[in-house]
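Numbering (this note's numbering), first residue to last: 15 to 969. Every residue gets a Cβ at the ideal spot worked out from N, C-alpha and C, and that includes glycine. Reading through the structure tokens given below for one structure.
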């Protein structure tokens with residue numbers, strides 16, 4: 015008889031089941047299969063479990079494990095009997111196991127598809143979401159091994175474990191017999207189980223970032239004994255920012271009698287610090303970091319900001335050093351920002367954390383800022399400081415993260431935090447690379463539905479040190495997919511800040527209609543032209559003339575805002591001329607008061623260098639210290655709810671000293687951004703208009719339709735049989751037609767014609783008229799090269815066309831000619847779907863032909879595509895008018911085309927083994943569509959996909 019140990023020897027250790035995970039409280043753990051080498055760990059773990067938890071697990075007092083128990087719980091075949099453990103510091107904190115059973119409840123092997131599952135969580139770690147996370151992972155393992163259903167028996171008093179099962183979102187059946195609750199649930203992911211999993215993912219990852227940004231105590235490791243250096247400077251930045259928690263300076267070289275550095279308690283080791291430490295800022299040479307990580311982990315530090323360089327950015331040796339750093343930190347349940355990071359900042363008045371190399375704390379505000387490199391971080395903070403305006407102090411940062419090599423914490427994690435952070439209204443991100451575009455797109459779509467997300471995306475190769483998944487998609491395609499997820503895509507830091515300042519306090523425009531008014535006709539016309547170029551609908555500019563008074567500005571702006579035909583207003587201003595022209599303060603007050611009366615529409619100001627106007631625009635809004643003898647004006651008291659935000663370049667950056675606490679603007683304060691150039695103001699407004707439109711459409715995204723004639727199971731059987739013959743293959747034409755037919759996608763028959771006689775026989779079988787096509791790779795789908803002959807009405811024409819093709823292009827075996835029945839005339843299009851390793855499943859559409867390829871006129875959507883997305887996909891290519899009767903052409907059946915797109919989307923979404931589909935050409939006629947050519951490529955599905963259990967990036 016084959017024993018479990020025999021089967022374990024036959025099945026290799028499944029390394030792909032190993033995963034690092036984030037728990038509910040933000041800490042981390044490692045999940046891995048249990049092996050025979052874990053006997054001592056299992057015994058130690060069991061000894062630390064309370065008698066009550068043991069009773070709940072075994073339904074009886076069970077004080078210790080016997081040798082037989084230990085052997086049984088550590089020897090698995092990784093198929094019918096599997097055990098997983100959650101570990102921290104290499105020690106077990108929880109276990110889960112399943113045993114495959116048959117219909118009689120006894121141990122069984124495949125094809126039995128049910129298993130019993132049981133958990134045990136150490137009492138000290140209960141309530142951290144360990145069991146829920148283990149359930150996700152063991153369910154994924156079970157599905158991989160052909161198990162479709164779990165059964166669990168639980169005592170009624172064990173309410174925590176019952177809740178783990180019932181809250182998971184799987185389809186369940188519950189019964190009660192002999193004093194035991196029996197739960198049975200299918201393991202196929204449901205909409206609810208996926209929603210539950212992603213909600214848990216968001217809470218856990220957000221909490222893990224919060225522990226880094228809102229620490230109660232901070233230790234800076236690597237503080238020099240003399241002024242200067244990274245560690246000493248960071249300590250000074252934390253102290254000068256007014257950090258509200260406990261601060262500690264650490265350096266193993268400190269003399270034993272040194273008690274403090276710059277007024278901060280000093281220690282030779284993190285271990286010497288009394289009380290807990292939430293965050294350690296590491297600023298020691300890379301070779302000393304491992305010992306610091308060990309000290310921090312043993313002391314219970316929750317997270318690290320590693321400023322030290324010398325990691326993946328320095329080459330292969332540094333990359334391996336970086337992997338070791340991440341593995342060591344995760345073993346202790348710590349998360350890392352960095353290495354090679356610039357640091358983190360939190361301006362909240364009850365935190366005031368500046369654990370970065372920035373010598374000054376940014377002004378408090380409502381903008382969340384993420385960058386990867388320190389240089390970009392410096393540029394962003396500097397730009398916001400200038401544009402937020404020296405003396406204004408009114409627009410600033412809520413939190414700032416510069417992730418460096420982002421070996422652990424990435425933009426995705428920080429986005430999870432900002433999603434429901436009440437202190438952040440707008441998110442600005444400079445992404446030099448995207449490590450997991452599929453997840454980023456998913457998180458961006460959810461975040462953008464709640465608050466604006468503005469992104470600059472790097473266009474070149476990923477910086478050295480960044481782990482980035484390879485993608486086959488062009489940069490422009492990835493950018494288009496991000497826009498579809500609601501991301502406001504811009505190209506430069508300047509545009510990032512321009513858009514951010516507008517979105518931070520101004521309402522979203524309800525549409526593209528723009529009123530323009532001001533005291534310069536030429537500046538108004540320039541603004542008008544830029545609006546047209548950006549796709550906006552501007553009204554003719556209202557010229558108030560250079561002699562316009564403040565009251566005239568006020569009346570004009572009030573009228574424009576009150577006009578229902580306007581969605582936004584751009585005010586243009588040039589330097590005051592003449593005695594009747596308003597002073598700077600007077601003009602600023604006029605605009606503020608008018609905007610306050612109609613708060614539902616955005617207002618922007620375009621101005622040239624005006625000397626004192628920028629100062630006047632900011633004066634009433636300033637929270638910076640006032641110069642001696644200078645008081646805030648009466649105008650600020652008259653309109654406290656509206657402030658103007660200067661956005662001109664080059665404004666003096668007057669910074670408050672470290673002893674001054676700057677306060678953010680009051681809730682509901684409306685800032686009016688001003689721009690030094692019309693094109694910059696209009697570009698920011700256009701982005702806001704497009705984003706507003708996306709928000710409105712996102713409220714009703716449409717649905718993925720069901721089609722009664724789709725045979726999903728039949729397609730699965732066909733795919734499984736084909737893949738059994740090879741790892742990856744392009745299937746034959748007949749197999750392609752059969753697979754597509756399961757999804758209601760007919761392909762017009764094409765018969766091979768290796769000889770003129772075979773061509774004639776094929777034509778008689780199909781019926782005239784027919785088309786003769788060369789399918790050799792260099793001629794396929796290239797009608798422009800002459801490899802296609804259409805509308806052949808009889809055998810004579812067919813034979814003549816055959817002779818012409820062979821004379822022009824070579825022997826039949828080189829041309830691979832086929833005969834196909836003629837389809838109704840229409841517009842030739844191309845439909846493609848591909849599984850990109852980074853972005854996931856993508857559906858593409860465009861017109862057929864060299865011109866569309868040359869102009870890259872192809873539109874893309876992420877799968878699964880909804881009915882509304884299919885409609886927009888067809889209309890989003892530049893050549894779409896050809897489908898809708900352009901210049902008198904015949905209208906074609908776009909609803910039938912949209913249905914075809916939806917069916918292809920369903921095929922790829924239902925079967926991840928379908929890694930590529932090409933339908934070319936698809937002729938869209940006035941009535942119906944005809945698929946004339948199709949290819950399908952299959953490959954084994956990935957072991958884990960986006961519906962799989964939560965995991966952190968592997969190292």
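Looking only at C-alpha atoms, which of the options sits nearest to residue i?
i: residue 435; options: 883, 931, 224; result: 224
i: residue 589; options: 602, 520, 456, 59; result: 602
i: residue 340; options: 396, 421, 703, 943; result: 421
i: residue 947; options: 843, 857, 909, 894; result: 843
i: residue 81; options: 68, 396, 57, 70; result: 57
i: residue 64; options: 119, 31, 137, 30; result: 137
i: residue 174; options: 365, 146, 706, 763; result: 146
i: residue 44; options: 100, 74, 76; result: 100
i: residue 620; options: 538, 379, 188, 573; result: 538
i: residue 462; options: 349, 711, 258, 554; result: 711
i: residue 962; options: 792, 157, 170; result: 157
i: residue 170; options: 560, 256, 71, 41; result: 71
i: residue 105; options: 91, 799, 55; result: 55
i: residue 884; options: 869, 850, 845; result: 845
i: residue 285; options: 300, 264, 153; result: 264
i: residue 272; options: 238, 294, 432; result: 238
Ignore the nearest five residues each way along the sequence and tell me which others in residue i's own chain have a CB closer than 7 angstroms to its CB.
i: residue 545; result: 528, 552, 696
i: residue 700; result: 548, 549, 550
i: residue 955; result: 926, 927
i: residue 1027; result: Any question about residue 1027 goes unanswered here, given that the chain covers just 15 to 969.
i: residue 215; result: 964
Got a sec? Which residues, its chain only, sit under 6 angstroms from residue i by beta carbon, not counting five neighbours each side?
i: residue 292; result: 229, 230, 231, 316
i: residue 94; result: 114, 123
i: residue 854; result: 452
i: residue 847; result: 857, 918, 922, 931
i: residue 107; result: 100, 136, 139
i: residue 346; result: 103, 311
i: residue 792; result: none
i: residue 968; result: none
i: residue 910; result: 942, 943
Quick check on the burial criterion: 16 or more other C-beta atoms within 10 angstroms. Buried or exposed for residue i?
i: residue 514; result: buried
i: residue 141; result: exposed
i: residue 536; result: exposed
i: residue 356; result: buried
i: residue 578; result: exposed
i: residue 194; result: exposed
i: residue 690; result: buried
i: residue 59; result: buried
Residues bridged to residue i by DSSP?
i: residue 1004; result: Residue 1004 cannot be examined here, being either before or after the span of the chain that is shown, 15 to 969.
i: residue 733; result: Residue 733 is not bridged to any residue.
i: residue 167; result: 196
i: residue 744; result: 951
i: residue 357; result: 370, 416
i: residue 42; result: 36
Short of 8 angstroms in beta carbon distance, which residues of its chain neighbour residue i, apart from the five on each side in sequence? Order them along the chain.
i: residue 733; result: 753, 925, 927, 928, 952
i: residue 604; result: 564, 565, 567, 568, 571, 596
i: residue 13; result: Residue 13 is absent from the structure shown; the chain starts at 15 and stops at 969.
i: residue 729; result: 753, 756, 757, 921, 924, 925
i: residue 31; result: 45, 46, 47, 98, 151, 155
i: residue 61; result: 78
i: residue 829; result: 788, 789, 790, 793, 801, 819, 820, 823
Within the region 747-790, ranges of the alpha helix (DSSP H) (whole runs, at least 4 residues): Counting whole runs of 4 or more residues, the region 747-790 contains the alpha helix (DSSP H) stretches 747-755, 770-780.
Secondary structure, alpha helix (DSSP H): runs of 4+ residues fully inside the region 806-848: Qualifying alpha helix (DSSP H) stretches, in chain order: 809-823, 826-829.
Beta strand (DSSP E) segments (min. 3 residues) lying fully within the region 866-954: Annotation note: the region 866-954 contains the following uninterrupted beta strand (DSSP E) runs of length 3 or greater, listed N- to C-terminal: 872-876, 928-938, 943-945, 948-952.
3 or more residues per run - each beta strand (DSSP E) lying fully within the region 251-320: Fully enclosed beta strand (DSSP E) runs of no fewer than 3 residues occupy 260-264, 278-281, 293-296, 317-320 of the region 251-320, in order along the chain.
Every unbroken alpha helix (DSSP H) inside the region 110-194 [4 residues or more]: Fully enclosed alpha helix (DSSP H) runs of 4 or longer: 144-158, 173-180.
Secondary structure, alpha helix (DSSP H): runs of 4+ residues fully inside the region 501-568: Fully enclosed alpha helix (DSSP H) runs of 4 or longer: 507-519, 535-547.
Length at least 3, wholly inside the region 677-731: the beta strand (DSSP E) runs in chain order: If only complete runs of 3 or more residues are kept, the region 677-731 shows the beta strand (DSSP E) at 684-689, in order along the chain.
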